[in-house]
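Protein sequences, first through last, are from chains A and B.
Numbering-wise, the first sequence is residues 168 to 539 according to the numbering used here.
Numbering-wise, the second sequence is residues 11 to 298 according to the numbering used here.
Cβ coordinates follow ideal geometry from the N, Cα and C atoms, glycine included.
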Amino acid sequence: MKLVLEAVTREVNGESHLYSMSMALEPGLNVLLGPTQAGKTSLMRVMAGLDRPTTGQVLVDGQDVTGRPVQQRNVAFVYQQFINYPSLTVFENIASPLRLQKKFSNDEIQRRVRETAEMMRIGHLLDRLPAALSGGQQQRTAIARALVKQAPLLLLDEPLVNLDYKLREELRAELGQIFARRNAIVVYSTTEPLEALLMGGVTAVLDKGDLLQIGPTLAVYHQPAQRRVGEVFSDPPLNILPAVFEGGLALLSGDIRFPLPPHMAGLPGGTYWLGVRAHHVAMEAHLGREIEIPAWIELAELSGSETIVHADHRDGSGGEFHLIAQLSGIHNFSYEQQARLYLDPHRLFVFTASGALAASPPRTADQRKERA
Amino acid sequence: MQKTVNHRAWLLVLPVVLSVAFSAILPLMTVVNYSVQDILGPGQRVWVGNEWFIDTVRNPDLHAAFWRNLLFSFQVLLIQIPLGIAVALALPAKGWQASLSLVLIALPLLIPWNVVGTIWQIFGRADIGLGGYFVNNILGLSYNYTLEPRDAWITVLVMDVWHWTPLVALLCYAGLRAIPDPFYQAARIDGARLWSIFWYIQLPKLRGVLLIAVLLRFMDSFMIYTEPFVVTGGGPGTATTFLSIYLSNIAIGQFDLGNGSAFSLIYFLLIQILCFVFYTAILRAGRK
Numbered sequence: 168m169k170l171v172l173e174a175v176t177r178e179v180n181g182e183s184h185l186y187s188m189s190m191a192l193e194p195g196l197n198v199l200l201g202p203t204q205a206g207k208t209s210l211m212r213v214m215a216g217l218d219r220p221t222t223g224q225v226l227v228d229g230q231d232v233t234g235r236p237v238q239q240r241n242v243a244f245v246y247q248q249f250i251n252y253p254s255l256t257v258f259e260n261i262a263s264p265l266r267l268q269k270k271f272s273n274d275e276i277q278r279r280v281r282e283t284a285e286m287m288r289i290g291h292l293l294d295r296l297p298a299a300l301s302g303g304q305q306q307r308t309a310i311a312r313a314l315v316k317q318a319p320l321l322l323l324d325e326p327l328v329n330l331d332y333k334l335r336e337e338l339r340a341e342l343g344q345i346f347a348r349r350n351a352i353v354v355y356s357t358t359e360p361l362e363a364l365l366m367g368g369v370t371a372v373l374d375k376g377d378l379l380q381i382g383p384t385l386a387v388y389h390q391p392a393q394r395r396v397g398e399v400f401s402d403p404p405l406n407i408l409p410a411v412f413e414g415g416l417a418l419l420s421g422d423i424r425f426p427l428p429p430h431m432a433g434l435p436g437g438t439y440w441l442g443v444r445a446h447h448v449a450m451e452a453h454l455g456r457e458i459e460i461p462a463w464i465e466l467a468e469l470s471g472s473e474t475i476v477h478a479d480h481r482d483g484s485g486g487e488f489h490l491i492a493q494l495s496g497i498h499n500f501s502y503e504q505q506a507r508l509y510l511d512p513h514r515l516f517v518f519t520a521s522g523a524l525a526a527s528p529p530r531t532a533d534q535r536k537e538r539a
Numbered sequence: 011m012q013k014t015v016n017h018r019a020w021l022l023v024l025p026v027v028l029s030v031a032f033s034a035i036l037p038l039m040t041v042v043n044y045s046v047q048d049i050l051g052p053g054q055r056v057w058v059g060n061e062w063f064i065d066t067v068r069n070p071d072l073h074a075a076f077w078r079n080l081l082f083s084f085q086v087l088l089i090q091i092p093l094g095i096a097v098a099l100a101l102p103a104k105g106w107q108a109s110l111s112l113v114l115i116a117l118p119l120l121i122p123w124n125v126v127g128t129i130w131q132i133f134g135r136a137d138i139g140l141g142g143y144f145v146n147n148i149l150g151l152s153y154n155y156t157l158e159p160r161d162a163w164i165t166v167l168v169m170d171v172w173h174w175t176p177l178v179a180l181l182c183y184a185g186l187r188a189i190p191d192p193f194y195q196a197a198r199i200d201g202a203r204l205w206s207i208f209w210y211i212q213l214p215k216l217r218g219v220l221l222i223a224v225l226l227r228f229m230d231s232f233m234i235y236t237e238p239f240v241v242t243g244g245g246p247g248t249a250t251t252f253l254s255i256y257l258s259n260i261a262i263g264q265f266d267l268g269n270g271s272a273f274s275l276i277y278f279l280l281i282q283i284l285c286f287v288f289y290t291a292i293l294r295a296g297r298k
């Protein structure tokens with residue numbers, strides 16, 4: 168199956184929820200990445216046929232299905248809330264889509280439900296009511312309900328967001344494997360960049376109702392077409408530094424200057440935004456080519472075995488920018504402590520003043536291996 | 011660590027203790043006191059032990075009032091619960107239409123109970139009442155709630171439905187609005203029909219509010235007094251003499267305090283037991 172959206176828009180009461188969007192989805196995993204209000208849910212509802220696009224067309228295998236109601240489309244949907252029929256047992260919940268289709272024998276239903284339940288590891292809970300399950304088990308039931316139909320289009324709208332951290336990791340890993348074995352178009356929305364990276368496949372980055380970029384997940388991560396894509400696809404947030412390029416040098420505020428590294432060398436002079444991900448900001452220099460930036464520590468937060476440091480760079484003439492560094496290990500800093508942060512110029516993204524990608528860091532063979 | 015004892019807390023509870031003592035405990039204890047004595051006059055009383063209780067339990071008029079009241083309560087539940095659910099389902103979900111219909115629906119609940127009785131007393135009259143005139147002269151049916159026991163019963167029942175179905179409807183409406191939209195979407199994706207959506211999503215999700223609605227309506231209708239008192243005064247004959255009307259006839263009409271007190275205590279106990287039965291039955295039904 169192939170799902171194509173052609174210039175799809177959606178307006179509700181004069182308010183645009185989706186601006187014109189076109190994309191073609193193939194079987195495999197497709198991640199919709201964007202902050203809240205990006206239009207992920209609106210887009211998935213249009214894909215499913217729950218909502219009709221205001222303009223544009225939805226094509227399945229070349230056939231226009233724009234106005235076709237959802238029950239005739241063979242789709243499955245998983246929500247961030249745990250949606251199960253409250254008065255039906257887990258077994259009956261999973262069986263419900265098959266029963267409503269009225270084309271399966273009882274044996275077939277038994278077989279399929281048990282198989283799917285085993286796959287979701289809720290085989291031992293089939294006689295329970297949803298209310299007697301934990302949140303993770305409830306969502307496993309809801310996902311099993313969606314999987315059992317073997318629909319060619321499976322939509323999951325932030326399915327793990329209401330689960331606690333441990334369960335989320337566990338279920339995410341399982342889901343990745345399950346989706347990989349299916350010949351279905353899986354659309355998975357999330358607000359978390361890390362989740363998109365772990366899921367792989369294709370990622371579409373959305374923001375405020377706009378489709379900013381779509382492509383293989385790693386390609387989008389390493390070559391964000393716009394500054395905003397880089398920002399959406401970075402957690403902790405992407406560091407953005409204003410810079411002026413002049414005669415082979417880049418100037419930051421406070422008279423910090425450095426020669427342009429090879430990947431930026433061809434760029435004409437002018438003002439740019441430099442982007443660098445937090446894990447490429449260090450507190451020590453290792454390579455000898457780093458840019459040294461004096462800054463004052465604002466906040467240091469511990470996140471697992473990492474420390475995320477927020478610091479402000481200020482020069483005397485009012486130029487300032489904020490930097491976030493993600494350091495491995497636990498470090499102690501005090502407020503307004505003076506520090507030196509180091510950026511590797513080879514790891515910088517360059518965006519033009521209007522936000523388009525001008526240069527992205529080269530990917531070394533080492534890194535490619537690391538990602539794979 | 012040592013617990014600090016702060017006796018000032020007692021001071022804060024004191025007003026509640028006092029008001030509950032005066033409004034509930036004292037009157038109840040007075041009733042208990044009366045129920046074991048025959049009050050002949052001020053200062054004249056005779057200890058009778060459990061005589062009033064035995065009398066009450068064996069009284070055939072009271073048995074009749076009990077069954078009458080039970081039948082009335084079941085009819086009330088049978089009509090008001092489904093009707094309330096239906097009204098709640100039919101109400102618009104949002105917009106000014108929703109606010110307007112909620113206000114209109116809630117109006118009967120805002121009317122004082124004796125006024126409700128007076129409204130229906132006039133409404134049902136064949137000579138000047140809109141309802142009575144309509145049934146008698148336009149539908150051509152003979153209807154007179156002051157003469158016909160059946161008509162009196164129907165009048166009180168319809169009045170109660172008019173007065174209290176809005177409560178059930180409002181409770182169900184709130185329950186329905188609390189169901190997240192994805193439930194309906196999921197059902198649509200499965201291709202479920204309206205009936206399945208009602209049976210598998212809405213009704214199970216309404217269980218909690220329905221439990222409250224059934225309990226409230228049962229208790230209220232089992233204790234109904236003001237409206238039938240105003241409309242029929244318990245008549246004609248004993249056709250609409252419900253338990254509380256019978257009780258007030260004994261205790262206030264005949265000033266038979268001992269008998270009335272014993273009856274009150276039994277009445278109180280009955281309501282407690284029946285509510286408990288309903289409560290556990292509905293909880294069980296949900297768990298199965």
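Are residue i and residue j close, meaning C-beta to C-beta below 7 Å?
i      : j      : result
B:T175 : B:L93  : yes
A:H447 : A:I460 : no
A:A525 : A:L434 : yes
A:G216 : A:H184 : no
A:D324 : A:T208 : yes
A:P236 : A:I352 : no
B:F252 : B:I281 : no
B:S45  : B:S271 : yes
Could you confirm whether any beta carbon from chain A is found closer than 7 Å to the beta carbon of residue i?
i      : result
B:A98  : no
B:I199 : yes
B:Q195 : yes
B:Q90  : no
B:Y155 : no
B:P190 : yes
B:Y210 : yes
B:K298 : Note that B:K298 scores a pLDDT of 49, beneath 50, so its modelled location is shaky and nothing firm can be said.
B:P214 : yes
Is any beta-carbon of chain B found at less than 7 Å from that of residue i?
i      : result
A:L434 : no
A:S254 : yes
A:Q390 : no
A:Y246 : yes
A:V237 : yes
A:S263 : yes
A:L267 : yes
A:I423 : no
A:I250 : yes
Exposed or buried, residue i, counting other C-beta atoms within 10 Å across all chains shown (16 or more means buried)?
i      : result
B:W106 : exposed
A:G303 : buried
A:T154 : Absent from the model: residue 154 of chain A. The displayed extent of chain A is 168 to 539, so no value can be given.
A:P220 : buried
B:Y256 : buried
A:E182 : exposed
A:Y502 : exposed
B:M39  : exposed
B:W130 : buried
A:E457 : buried
A:A539 : Annotation note: pLDDT 45 at A:A539 (below 50); position unreliable, coordinate value reported separately. Exposed, by the Cβ-count rule.
B:R237 : Correcting the residue type first, residue 237 of chain B is Glu in the shown sequence and not Arg. With 16 or more Cβ atoms within 10 Å of its Cβ, B:E237 is classed as buried.
A:V179 : exposed
For residue i, name the three-state secondary structure that DSSP assigns.
i      : result
B:Q195 : helix
A:L454 : coil
A:E325 : coil
A:H480 : strand
B:L275 : helix
For residue i, which residues of its own chain have a beta-carbon under 6 Å away from its beta-carbon, when the five flanking residues on both sides are left out?
i      : result
A:Q224 : E173, D231 and T233
B:H173 : P118 and V126
B:Y153 : V145, N146 and D161
What residues in its chain sit with their C-beta under 8 Å from that of residue i, if we drop five residues either side in the sequence?
i      : result
A:P528 : H389, H430, H513, R514, L515 and F516
A:A298 : P253
I'd like the list of long-range same chain contacts for residue i, defined as Cβ closer than 7 Å, with 5 residues on each side in sequence excluded.
i      : result
B:I222 : L181
A:V372 : L200, G201, L379, Q380, V387, V396, V399 and F400
Is residue i near the ligand NAD, in the sense that its beta carbon is under 6 Å from a heavy atom of that ligand?
i      : result
B:L101 : No copy of the ligand NAD occurs in the structure displayed, which carries no ligand at all.
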